[in-house]
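In what follows, a structure is listed as structure tokens, so that the remarks can point back to it.
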Amino acid sequence: MCGIVGYVGKRNSQEVLIEGLKKLEYRGYDSAGIAVFTEGGLQIRKSKGRLAILESQLQQAPLSGGIGIGHTRWATHGKPSDINSHPHTDNSQKFSVVHNGIIENYIALKEELQAQGHVFVSETDTEVISHLIASLYDGDIVKAVQQAVKRMKGAFALGVLTEYEPEKLVAVRLQSPLIIGVGEGENFIGSDIPAILEYTRNVYILNDGEMALLTKDGVELMTIEGNFISRETFHVDWDITTAEKAGFDHFMLKEIHEQPKAYRDTMSSRIDESGRKVILNEVKMTPEQIRGIRNIHIVACGTAYHAGLVGKTVIEHLARIPVETDVASEYRYRSPIITPETLVIVVSQSGETADTLAALREARRCGARVLAITNVVGSSVAREADDVIFTWAGPEIAVASTKAYTSQLIAFYLLGLYLAQTLETQEEAYIAELIAAMQQLPGKVEALLAQAETVKQVAEQVAKHDNLFFIGRGLDYAIALEGSLKLKEISYIHSEAYAAGELKHGTLALIEEGIPVIALATQPDLFEKTVSNIKEVTARGAYVIGLHTEGDNELAKTVDQTFAIPETLPLLMPALSIIPLQLLSYYASLARGNDVDKPRNLAKSVTVE
Ligand code: F6R
Numbered sequence: 021m022c023g024i025v026g027y028v029g030k031r032n033s034q035e036v037l038i039e040g041l042k043k044l045e046y047r048g049y050d051s052a053g054i055a056v057f058t059e060g061g062l063q064i065r066k067s068k069g070r071l072a073i074l075e076s077q078l079q080q081a082p083l084s085g086g087i088g089i090g091h092t093r094w095a096t097h098g099k100p101s102d103i104n105s106h107p108h109t110d111n112s113q114k115f116s117v118v119h120n121g122i123i124e125n126y127i128a129l130k131e132e133l134q135a136q137g138h139v140f141v142s143e144t145d146t147e148v149i150s151h152l153i154a155s156l157y158d159g160d161i162v163k164a165v166q167q168a169v170k171r172m173k174g175a176f177a178l179g180v181l182t183e184y185e186p187e188k189l190v191a192v193r194l195q196s197p198l199i200i201g202v203g204e205g206e207n208f209i210g211s212d213i214p215a216i217l218e219y220t221r222n223v224y225i226l227n228d229g230e231m232a233l234l235t236k237d238g239v240e241l242m243t244i245e246g247n248f249i250s251r252e253t254f255h256v257d258w259d260i261t262t263a264e265k266a267g268f269d270h271f272m273l274k275e276i277h278e279q280p281k282a283y284r285d286t287m288s289s290r291i292d293e294s295g296r297k298v299i300l301n302e303v304k305m306t307p308e309q310i311r312g313i314r315n316i317h318i319v320a321c322g323t324a325y326h327a328g329l330v331g332k333t334v335i336e337h338l339a340r341i342p343v344e345t346d347v348a349s350e351y352r353y354r355s356p357i358i359t360p361e362t363l364v365i366v367v368s369q370s371g372e373t374a375d376t377l378a379a380l381r382e383a384r385r386c387g388a389r390v391l392a393i394t395n396v397v398g399s400s401v402a403r404e405a406d407d408v409i410f411t412w413a414g415p416e417i418a419v420a421s422t423k424a425y426t427s428q429l430i431a432f433y434l435l436g437l438y439l440a441q442t443l444e445t446q447e448e449a450y451i452a453e454l455i456a457a458m459q460q461l462p463g464k465v466e467a468l469l470a471q472a473e474t475v476k477q478v479a480e481q482v483a484k485h486d487n488l489f490f491i492g493r494g495l496d497y498a499i500a501l502e503g504s505l506k507l508k509e510i511s512y513i514h515s516e517a518y519a520a521g522e523l524k525h526g527t528l529a530l531i532e533e534g535i536p537v538i539a540l541a542t543q544p545d546l547f548e549k550t551v552s553n554i555k556e557v558t559a560r561g562a563y564v565i566g567l568h569t570e571g572d573n574e575l576a577k578t579v580d581q582t583f584a585i586p587e588t589l590p591l592l593m594p595a596l597s598i599i600p601l602q603l604l605s606y607y608a609s610l611a612r613g614n615d616v617d618k619p620r621n622l623a624k625s626v627t628v629e
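Using the working numbering, you'd call the opening residue of the sequence shown number 21 and step up by one each time.
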């Protein structure tokens with residue numbers, strides 16, 4: 021995730037910026053840069069790779085000045101490179117911008133600016149902002165930023181400097197966090213509290229639609245419409261480790277809570293303004309090539325494979341193309357029938373998983389087109405695939421995948437809808453209904469997260485057991501598998517996920533008095549069948565915790581305890597029903613005193629076969 025630091029005051033800003041960026045390294049980044057207003061004007065140093073590379077550049081050619089902005093970049097628009105690194109500037113080199121987030125309409129803005137003669141050097145959406153501000157500037161940087169922001173759609177946090185007003189630093193927040201640190205004779209901006217904690221503990225937290233003008237002597241807060249705001253500073257008493265986790269106890273919990281944003285970011289700019297159509301500009305397949313797809317193979321490992329299981333149902337339902345889902349470590353060795361009419365979809369958070377990469381290469385060797393769903397721009401999978409859909413979840417630090425998984429689900433929904441649109445396999449009205457329901461998912465996830473305390477109580481009971489079952493049918497089974505994996509990997513409780521109808525073919529023998537069974541019954545068409553299977557386990561003494569949709573009063577008659585999931589279309593239910601299961605694993609792991617973020621024996625990126 022990108023990081024922003026800005027400084028204005030009595031110190032040499034280069035040191036403050038570099039120290040601040042170091043405090044943001046934990047968020048993950050692929051390049052870094054700073055801009056400082058020096059005696060010779062606005063100067064920029066930036067480079068791909070670790071901060072140490074930038075630091076050694078600065079040792080050779082230091083920048084001296086009391087005002088500057090810095091950035092660590094996690095690539096979204098354009099690969100990691102020196103040119104794509106922030107800060108960005110305009111053609112006059114008089115304006116400089118650092119940016120977190122996504123500008124959804126950057127292509128339209130870029131074309132408009134190009135028509136006015138602006139020349140762009142990078143592939144980023146950010147560069148558009150510096151050109152836009154430059155084009156609107158007529159002597160007042162605050163006004164120019166306000167006008168520019170009105171033209172920009174998306175989610176962003178900005179830090180802006182101009183050589184014309186060298187004592188001013190402007191900061192803006194729209195759906196991407198930004199804080200202002202208040203010191204004596206110096207002031208700061210940061211995308212995150214750790215960036216400034218060494219210098220001050222008094223901060224203003226900007227709300228959406230707010231901005232700030234910083235000089236060394238003070239901070240003026242205002243809305244982007246220009247109305248001044250008066251607010252007390254907030255005193256931060258967190259230590260640096262707590263601050264890195266934004267006040268959460270673990271990265272996993274922080275990432276679970278970041279899911280509403282991850283859903284919005286992954287959807288943003290991929291749904292057209294009418295809300296009736298999906299746009300996937302990054303998928304370069306022509307309509308003719310899409311019509312030529314005879315079958316699809318989805319290949320991935322672990323949690324990403326579980327996302328693929330949901331993806332199979334979504335694509336088959338929406339696009340009516342047959343889909344097989346394979347574990348990547350098995351795929352190559354079973355001599356899969358891959359033809360040039362096969363579309364192979366590889367799913368990988370890291371984009372570096374050795375088995376997934378090997379499957380991708382095998383698919384390409386056999387002449388198939390490969391589409392990747394990944395979270396990391398510039399990763400091997402992203403570079404080697406023919407088409408890529410990026411999940412804009414931001415870096416995931418906890419080993420157990422949460423927000424990357426749910427963003428993969430969103431990517432599959434978008435892809436399924438896109439294929440259905442092209443192949444005309446679904447009514448336009450149904451596509452629009454699904455899109456509208458998808459746009460409501462982030463709010464529903466927020467409602468589920470608000471019930472964390474209830475899940476915690478269940479988890480504390482579950483944590484006392486050594487064995488557990490998850491059951492479900494259809495999409496509920498796919499979620500049962502992911503819920504079970506999550507629980508195993510961080511709580512070390514042995515759990516098994518079963519297709520509910522399959523239990524009686526053997527596993528039912530393991531059901532005994534008091535064993536917890538988590539039963540998912542969110543799919544209306546399968547509800548009655550699932551209830552029958554639940555009765556098979558309650559009859560043998562299992563303690564059943566049932567997940568159902570709000571408004572259903574039936575499940576409570578069969579199970580010991582229920583948890584309600586907000587209503588949505590059945591196809592979209594996985595994007596909601598997994599949330600309490602992630603929380604369940606988290607709290608069970610906590611109750612057992614485990615290292616939640618770094619479970620034993622596991623690594624975040626598995627680069628060996
Ligand atoms: C579990 C988990 C793993 C990964 C798997 C694939 O929480 O994170 O099962 O999903 O190792 O990793 P990626 O998605 O990076 O290919």
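Ideal Cβ placement from N, Cα and C applies to all residues, glycine included.
Original post:
From threonine 411 to asparagine 395, what distance separates their C-alpha atoms?
Top reply: Looking at the two C-alpha atoms, the distance is approximately 5 angstroms.
Original post:
With 16 as the cutoff for other CB atoms within 10 Å, does proline 82 come out buried or exposed?
Top reply: exposed
Original post:
Using a threshold of 7 angstroms, is the CB atom of leucine 443 nearer than that to any non-hydrogen atom of the ligand F6R?
Top reply: no
Subject >> Exposed unless 16 or more other CB atoms sit within 10 angstroms - verdict on isoleucine 149 >> reply: Under this definition isoleucine 149 is a buried residue.
Original post:
Out of Leu454, Ile161 and Ala608, which has the shortest C-alpha to C-alpha gap to serine 515?
Top reply: Ala608
**OP:** Examine the Cβ distances between the segment 367 to 379 and the segment 312 to 332 and report whether three or more of them are shorter than 8 angstroms.
**Re:** yes
Original post:
For lysine 508, which of Leu488, Thr527 and Ala431 has the nearest alpha-carbon?
Top reply: Leu488
**OP:** Between the Cα of tryptophan 258 and those of Val223, Arg284, Pro280 and Ser289, spot the shortest distance and give me the residue it belongs to.
**Re:** The shortest Cα separation from tryptophan 258 among Val223, Arg284, Pro280 and Ser289 belongs to Val223.
Original post:
Just reading off the beta strand (DSSP E) that isoleucine 200 is part of, what are its end residues?
Top reply: 199 to 202
Original post:
For the segment 333 to 365, which segments carrying the beta strand (DSSP E) assignment without a break, of at least 3 residues, lie completely within its bounds, in sequence order?
Top reply: Taking only runs of at least 3 residues, the beta strand (DSSP E) segments lying wholly in the segment 333 to 365 are 343 to 347.
**OP:** Please confirm whether any heavy atom of the ligand F6R lies closer than 7 angstroms to the CB of threonine 373.
**Re:** A distance criterion of 7 angstroms places the beta-carbon of threonine 373 in contact range of the ligand F6R, judged by its closest non-hydrogen atom.
Original post:
Who pairs with leucine 234 in a beta bridge, going by DSSP?
Top reply: Leu189 and Val239
Original post:
Mind checking whether aspartate 110 and alanine 175 have CB atoms under 8 angstroms apart?
Top reply: no
**OP:** Would you kindly report the start and end of the unbroken alpha helix (DSSP H) that includes histidine 138?
**Re:** Note, histidine 138: premise wrong, no alpha helix (DSSP H); not H, not E.
**OP:** Using a threshold of 8 angstroms, state whether the C-beta atoms of proline 415 and glycine 48 are closer than that.
**Re:** yes
Subject >> Selected residue, minimal CA-CA separation from valine 537, among Gln581, Val239, Ile393 and Gly494 >> reply: Gln581
Original post:
Taking DSSP as the reference, what is the three-state secondary structure of proline 536?
Top reply: Strand.
Original post:
In whole angstroms, what is the alpha-carbon distance linking serine 504 and alanine 517?
Top reply: For serine 504 and alanine 517, the distance between alpha carbons rounds to 6 angstroms.
Subject >> Opposing strand residues paired with serine 116 [DSSP bridges] >> reply: Within the DSSP secondary-structure output, serine 116 pairs in a beta bridge with Thr109 and Leu181.
Subject >> Closest Cα partner of serine 349 within the set Ala339, Leu380 and Phe208 >> reply: Leu380
Original post:
Which one of Leu495, Ser112 and His337 has the shortest CA to CA distance from isoleucine 598?
Top reply: Leu495
Original post:
When we look at the beta-carbon of glutamate 13 and count the other beta-carbons within 10 Å, is it buried (16 or more) or exposed?
Top reply: This structure gives no information on residue 13, because the portion of the chain shown stretches from 21 to 629.
Original post:
On the three-pair Cβ rule with 8 angstroms, is the segment 28 to 46 touching the segment 54 to 65?
Top reply: yes
Original post:
Would the beta-carbon of threonine 144 be found less than 7 angstroms away from any heavy atom of the ligand F6R?
Top reply: no
Subject >> Delimiting residues of the beta strand (DSSP E) encompassing tyrosine 283 >> reply: Here tyrosine 283 belongs to no beta strand (DSSP E); instead the alpha helix (DSSP H) covers 279 to 287.
**OP:** Verify the contact flag: threonine 376, CB atom, against every heavy atom of the ligand F6R, threshold strictly below 7 angstroms.
**Re:** Answer for threonine 376: yes, Cβ within range of the ligand F6R.
**OP:** Please state whether DSSP places isoleucine 149 in a helix, a strand or coil.
**Re:** helix
**OP:** Check whether the Cβ atoms of leucine 194 and leucine 181 sit closer than 8 angstroms, and answer yes or no.
**Re:** Going by C-beta atoms, leucine 194 is not nearer than 8 angstroms to leucine 181.
Original post:
Cβ of lysine 618 versus every heavy atom of the ligand F6R: is any distance shorter than 7 angstroms?
Top reply: no
Original post:
valine 139: buried (16+ other C-beta within 10 angstroms of its C-beta) or exposed?
Top reply: exposed
**OP:** Look at the alpha carbon of alanine 135 and the alpha carbon of leucine 129, and state the distance between them as a whole number of angstroms.
**Re:** 10 angstroms
Subject >> Near the ligand F6R: lysine 281 beta-carbon under 7 angstroms from a heavy atom >> reply: Using a cutoff of 7 angstroms, the CB of lysine 281 does not count as near the ligand F6R, since none of the ligand's heavy atoms is closer than that.
**OP:** Report yes or no: do the segment 583 to 596 and the segment 425 to 433 share at least 3 C-beta pairs separated by less than 8 angstroms?
**Re:** yes
**OP:** Measure the alpha-carbon distance for glutamate 240 versus histidine 255 and round it to whole angstroms.
**Re:** 18 angstroms
Original post:
How many whole angstroms separate the CB atoms of leucine 62 and lysine 114, which I take to be in contact at a CB cut-off of 8 angstroms?
Top reply: Correct: roughly 7 angstroms between the Cβ atoms.
Subject >> For glutamate 185, the nearest candidate out of Gly201, Val162 and Glu206 (CA to CA) >> reply: Of Gly201, Val162 and Glu206, the smallest CA-CA separation from glutamate 185 is found for Val162.
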